[in-house]
Structures are given as structure tokens and as C-alpha cells.
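Engineer: Below is the structure I would like to discuss, written out as C-alpha cells.
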Amino acid sequence: MPLTKRIAVLAGDGVGQEIVPQAVSVLEAVAKRCGHTFTCVYGPVGGEAIDKTGMPLPPETLTLAKGSDAVLLGAVGGPKWEGLNYEQRPERALLGLREQLGLFGNLRPAKLYPELADASTLKREVIEGIDLLVVRELTGGIYFGKPKGIERTEAGLRGINTEVYTEEEITRIAHVAFTAARKRRRLVTSIDKANVLESSELWRQVVTEVHRQYPDVELRHMYVDNCAMQLIRNPRQFDVLLTTNLFGDILSDEAAMLTGSIGMLPSASVGATVGMYEPIHGSAPDIAGKNVANPIGMIASVAMMLRYSFDLEQEAESIERAIQAVLAQGYRTQDIASPGTTVVGTTEMGARILDHLQAGDR
Ligand code: IPM
Ligand code: MG
Numbered sequence: 009m010p011l012t013k014r015i016a017v018l019a020g021d022g023v024g025q026e027i028v029p030q031a032v033s034v035l036e037a038v039a040k041r042c043g044h045t046f047t048c049v050y051g052p053v054g055g056e057a058i059d060k061t062g063m064p065l066p067p068e069t070l071t072l073a074k075g076s077d078a079v080l081l082g083a084v085g086g087p088k089w090e091g092l093n094y095e096q097r098p099e100r101a102l103l104g105l106r107e108q109l110g111l112f113g114n115l116r117p118a119k120l121y122p123e124l125a126d127a128s129t130l131k132r133e134v135i136e137g138i139d140l141l142v143v144r145e146l147t148g149g150i151y152f153g154k155p156k157g158i159e160r161t162e163a164g165l166r167g168i169n170t171e172v173y174t175e176e177e178i179t180r181i182a183h184v185a186f187t188a189a190r191k192r193r194r195l196v197t198s199i200d201k202a203n204v205l206e207s208s209e210l211w212r213q214v215v216t217e218v219h220r221q222y223p224d225v226e227l228r229h230m231y232v233d234n235c236a237m238q239l240i241r242n243p244r245q246f247d248v249l250l251t252t253n254l255f256g257d258i259l260s261d262e263a264a265m266l267t268g269s270i271g272m273l274p275s276a277s278v279g280a281t282v283g284m285y286e287p288i289h290g291s292a293p294d295i296a297g298k299n300v301a302n303p304i305g306m307i308a309s310v311a312m313m314l315r316y317s318f319d320l321e322q323e324a325e326s327i328e329r330a331i332q333a334v335l336a337q338g339y340r341t342q343d344i345a346s347p348g349t350t351v352v353g354t355t356e357m358g359a360r361i362l363d364h365l366q367a368g369d370r
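First residue of the sequence shown: 9, per this note's numbering; consecutive thereafter.
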């Protein structure tokens, strides 16, 4: 059944401006081939929005996002805005969107495309066959906890943030992880620091309690320091990694590198009605504007949008197959290049993926 959807497209900063157009072309190609109508409505976000309006998340952009069926986001941030105070920085836009859209669950799948086994900094025998999903809590923990701030005391300045989780916050993200595991290998490894932190002790208790409703899924607990080590020692032991906002931020970057490059990983933020889809990498100011950024994480985020927001599994898979096909032909952006492959830029990688999608027609 053809669908009609409205998508808020927020390209943001740095490489966001380069990879988003590639993703939009892919989306348009899918729409055309399958008869869907996807209307993209653009809005400024992050540093781009600060320059235009003085605010990282202007009310118009928030209204646009809230009134859409899904949000596609590039990246935010850059050295230009680093001196601003926290409330005015580009990153606040991302946190604001997550909070305002109620996106408490972040899904970050790390799967190795076999063609990229040699692009990883880790040995082939360690990473071959990895297929894991980081389920990161996204609207709680130390990112949002209060009190926070920098205060002046008699002994000098004092910076503070608070790691806090309620039973309700842990319960709902645990359900996301167990439900996801049911569609996978039925193993959830919950990551915490329960040997030191009370908030983690509660995390462990609540996850264990929720698990009683999922007897068909295995639950393991692991401390975050051990997990950081196990990810590079034996990543195949993981299926779903369930974790807090901060630990998930860190571990998902590490998981990404197992797959060859952080440029490869898409993400879906879910929880309420409007989902948000973005690559897990940032704005990469060092390579921005040079047509060298890897658009695959961004394009794969479109696939996640089609899958999770619109239930268009076949369309999602067609994008993933196109990515795989282009890699199989030996095309690589510089971040995933290895001897014997052909290095292409952002636009050419996008165009090749598009070609494959369109060739699916014939
Ligand atoms: C991510 C990013 C963000 C985060 C930043 C840009 C606020 O690192 O999505 O992983 O820390 O969540
Ligand atoms: Mg991060």
C-alpha cells in the first residue's frame, strides 16, 4: 500500500550538510519505485540554526519535527560554536529533540559487512560475524540529571552532573531491549556499574524484574569496564546490549569501530510517535566540506526510518542490499578503504548506491 509521509529533514553541521542530500536522494528513489509519497520539509538545527536564528533548536524546527511523521537528522556541532555556554551549544538541539519528542530508546545496530573485515583496526577473526544491537537509554541518566552546572564555592569552581534513573525509565528501556532481542538471537546483556553506583544497582534490579516477562530471552549482566574490554576481545558474544545514556554513548562508538568505521553506523531513536533517525557519528569538522565523508551511516538511517517508523521492511532491505552491493563492487570512502579497493567521495558513493536501487527496477 502506497504511503504518504512527511519527513522533517535537519541536516545540521559539518558533514551533515553533505551526507543528508545523499540520503534524501535514496529516499526519493525508494518513494518513486514503490509509489510512496515522502514529502521532505527542511529546517535548521545546531550550529546552522545558531547562525541563522541565535538558537540551536528554534521553535519552528521543533514544531516542524513534532508535526512530521519522522525526523531525519545529519549531525550537529563544530569548533565554531564550542565557546558558547552549554544551553546555547549545537548539541543542545539534539538533546532537546530527544527530550521533546520523548525518544527514550536509541537503537544502534553494529553489523559487519563481510567486505569490510579488513577495514577494521581489529583482526578479521575477532570481528567476523559480529551482529549486535546497542539499546541505549536516551532521555535520562547523567545527560539530563539534576543538579547540574558549574558553581563558585569558597574552595574554587565546582562542576556537577547527576546520574539518576527512575524505576519507570529503566523499565521502559528494558522492554525495548527484550522486545528487540526476540527478533534476534534472544540474548540481552545489560551493562552497568553496579559494583560502584547505586543508580546502576537499581538498573540491575529493575532489568532483572522486567526479564521475568521474557523467559524466552536470556539475560546477562556485565560491568561497563568489562564490556569495553569484551567488545574488542570477543564481540560475537553479544546480541543486544542494554545500557544507560552515557555508557551507551561510549560503547556504541566502540562497537562502531568493530564494523570498520564509525561512518557506517545508523541509529533509530524511538519511544513516542515521531521517530528520529541519524548516523551515530558527529559533524566531523576535520573532514567537512571535502566530499570525503562516508554517507553510508546516514543512508542506512533512512532504511531504519522506513523499517521502524513506516513498517516498510522490504523497502528498508532494498537500501541495505544496495549498500552491500556497492561495497561488494569494491567502492569505498576513505575511512573504509583497504588495498585493492576503489576510493570514492561522498557524492559518488551516494550515486552508486542510488544506481543500485534504481537498477532494482529493471
Ligand atoms: C551521539 C552523540 C551525541 C550524544 C552528542 C553529539 C550530543 O555523541 O549521538 O552519540 O552524546 O548523545
Ligand atoms: Mg556519541
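Where is the CB? At the ideal position from N, CA and C, for every residue including glycine.
Where do the N-terminal and C-terminal ends of the alpha helix (DSSP H) with aspartate 126 fall, by residue?
Structural biologist: Per DSSP, aspartate 126 belongs to no alpha helix (DSSP H) and is neither H nor E.
Engineer: State the start and end residues of the unbroken alpha helix (DSSP H) segment that holds lysine 119.
Structural biologist: Premise fails: lysine 119 lies in the beta strand (DSSP E), 113–119, not in any alpha helix (DSSP H).
Engineer: Please confirm whether proline 122 has its beta-carbon closer than 7 Å to some beta-carbon of chain D.
Structural biologist: The structure shown contains no chain D; it holds only a single protein chain.
Engineer: The alpha helix (DSSP H) with isoleucine 58 in it runs from where to where?
Structural biologist: Per DSSP, isoleucine 58 belongs to the alpha helix (DSSP H) from 55–61.
Engineer: Is it right to say isoleucine 158 is buried, meaning 16 or more other beta carbons lie within 10 angstroms of its own, or is it exposed?
Structural biologist: Per the 10 Å Cβ criterion, exposed.
Engineer: Which value, in whole angstroms, describes the spacing of the CA atoms of aspartate 363 and glycine 148?
Structural biologist: Going by the C-alpha atoms only, they are around 41 Å apart.
Engineer: Are the beta-carbon atoms belonging to valine 142 and leucine 273 less than 7 Å from one another?
Structural biologist: It is not a contact, given that the beta carbons lie outside the stated cut-off.
Engineer: For the alpha helix (DSSP H) holding leucine 81, just list the boundary residues, first then last.
Structural biologist: Where leucine 81 is concerned, there is no enclosing alpha helix (DSSP H), although the beta strand (DSSP E) it sits in stretches over 78–83.
Engineer: Could you compute how far the alpha carbon of alanine 256 sits from the alpha carbon of phenylalanine 186?
Structural biologist: It is glycine, not alanine, that sits at residue 256 in the sequence shown. If I take the Cα positions, the gap works out to 16 Å.
Engineer: Alpha carbon to alpha carbon, how far is proline 347 from glutamate 95?
Structural biologist: Whole-angstrom Cα-Cα distance: 45 Å.
Engineer: Just how far apart, CA to CA, sit aspartate 369 and glutamate 323?
Structural biologist: Because aspartate 369 sits at a pLDDT of 49, beneath the cut-off of 50, its placement in the model cannot be relied upon, and the following sentence gives the value as read from the coordinates. Approximately 12 Å, taken between the alpha carbons.
Engineer: By the three-class DSSP mapping on this structure, what secondary structure does aspartate 369 have?
Structural biologist: Low confidence applies here, because aspartate 369 scores a pLDDT of 49, under 50, leaving its location unreliable and the question unanswered by this model.
Engineer: Would you mind reading off the limits of the alpha helix (DSSP H) that contains valine 17?
Structural biologist: Careful: valine 17 lies outside any alpha helix (DSSP H), inside the beta strand (DSSP E) at 12–20.
Engineer: Are there 16 or more other CB atoms within 10 angstroms of the CB of alanine 367, so buried, or fewer, so exposed?
Structural biologist: By the neighbour-count rule (16 or more Cβ atoms within 10 Å), alanine 367 is not buried but exposed.
Engineer: How many Å lie between glycine 283 and arginine 132 at the Cα?
Structural biologist: Each residue's Cα considered, the two are about 35 Å apart.
Engineer: Between the Cα of cysteine 48 and those of Ala345, Leu120, Cys42 and Lys13, spot the shortest distance and give me the residue it belongs to.
Structural biologist: Ranking Ala345, Leu120, Cys42 and Lys13 by Cα distance to cysteine 48 puts Lys13 first.
Engineer: Does at least one heavy atom of the ligand MG sit under 6 Å from the Cβ of aspartate 343?
Structural biologist: No; taking the cut-off as 6 Å, the Cβ of aspartate 343 has no heavy atom of the ligand MG nearer than that.
Engineer: Quick check: is any heavy atom of the ligand MG less than 6 Å from the C-beta of aspartate 200?
Structural biologist: No, since every heavy atom of the ligand MG falls outside the 6 Å radius drawn around the Cβ of aspartate 200.
Engineer: May I ask you to list the residues that DSSP assigns as paired with leucine 250?
Structural biologist: Beta-bridge pairing links leucine 250 to Val143 and Ser198.
Engineer: Leaving out five residues on either side along the sequence, give the residues of the same chain with a beta carbon under 6 Å from the beta carbon of methionine 357.
Structural biologist: Here the set comprises Pro303 and Thr341.
Engineer: Report the three-state DSSP secondary structure of valine 28 (helix, strand or coil).
Structural biologist: In the structure shown, valine 28 sits in a helix (DSSP, three-state: H, G or I).
Engineer: Write down the C-beta distance between leucine 80 and tyrosine 285 rounded to the nearest angstrom, noting that I regard them as a contact closer than 8 Å.
Structural biologist: Confirmed, Cβ separation roughly 5 Å.
Engineer: If you follow the alpha helix (DSSP H) that glycine 149 is part of, which residue opens it and which one closes it?
Structural biologist: Note, glycine 149: premise wrong, no alpha helix (DSSP H); not H, not E.
Engineer: Excluding the five sequence neighbours on either side, which residues of its own chain have a C-beta within less than 7 Å of the C-beta of tryptophan 89, listed in chain order?
Structural biologist: So the qualifying residues of the chain are Gly55, Ile58, Arg97 and Pro98.
Engineer: Please check the pair threonine 349 and glycine 338, which I expect to be a contact at CB under 8 Å, by giving their CB distance rounded to whole angstroms.
Structural biologist: Right, their Cβ atoms sit about 5 Å apart.
Engineer: So, does the segment 189–200 touch the segment 213–226, judging by three or more C-beta pairs under 8 Å?
Structural biologist: They touch, by the three-pair rule.
Engineer: Is the beta carbon of arginine 244 sitting closer than 7 Å to the one on isoleucine 138?
Structural biologist: Yes, Cβ-Cβ distance for arginine 244 and isoleucine 138 is below 7 Å.
Engineer: Can you tell me which of the three DSSP states tyrosine 173 falls into?
Structural biologist: Here tyrosine 173 sits in coil by DSSP.
Engineer: Grab the span of the beta strand (DSSP E) containing methionine 230 for me, first residue to last.
Structural biologist: Per DSSP, methionine 230 belongs to the beta strand (DSSP E) from 226–231.
Engineer: What number of angstroms, rounded off, separates the C-alpha of aspartate 21 from the C-alpha of proline 64?
Structural biologist: Computed Cα separation, rounded: 11 Å.
Engineer: Select from Gly279, Pro293 and Phe318 the residue whose C-alpha is nearest the C-alpha of leucine 111.
Structural biologist: Comparing Cα positions, the closest option is Gly279.
Engineer: Aspartate 21: beta carbon under 6 Å from a heavy atom of the ligand MG?
Structural biologist: No, Cβ of aspartate 21 sits at least 6 Å from all heavy atoms of the ligand MG.
Engineer: Determine the closest residue to glutamine 30 out of Ala236, Asp343, Ala308 and Ile178, with distance taken between C-alpha atoms.
Structural biologist: When only C-alpha atoms are compared, the closest one is Ala308.
Engineer: For isoleucine 295, write down the residues that DSSP places opposite it in a beta bridge.
Structural biologist: None; isoleucine 295 has no bridge partner.
Engineer: Specify, as a first and last residue, the run of the beta strand (DSSP E) that proline 274 falls within.
Structural biologist: Taken as a continuous stretch (DSSP letters only), the beta strand (DSSP E) holding proline 274 covers 274–278.
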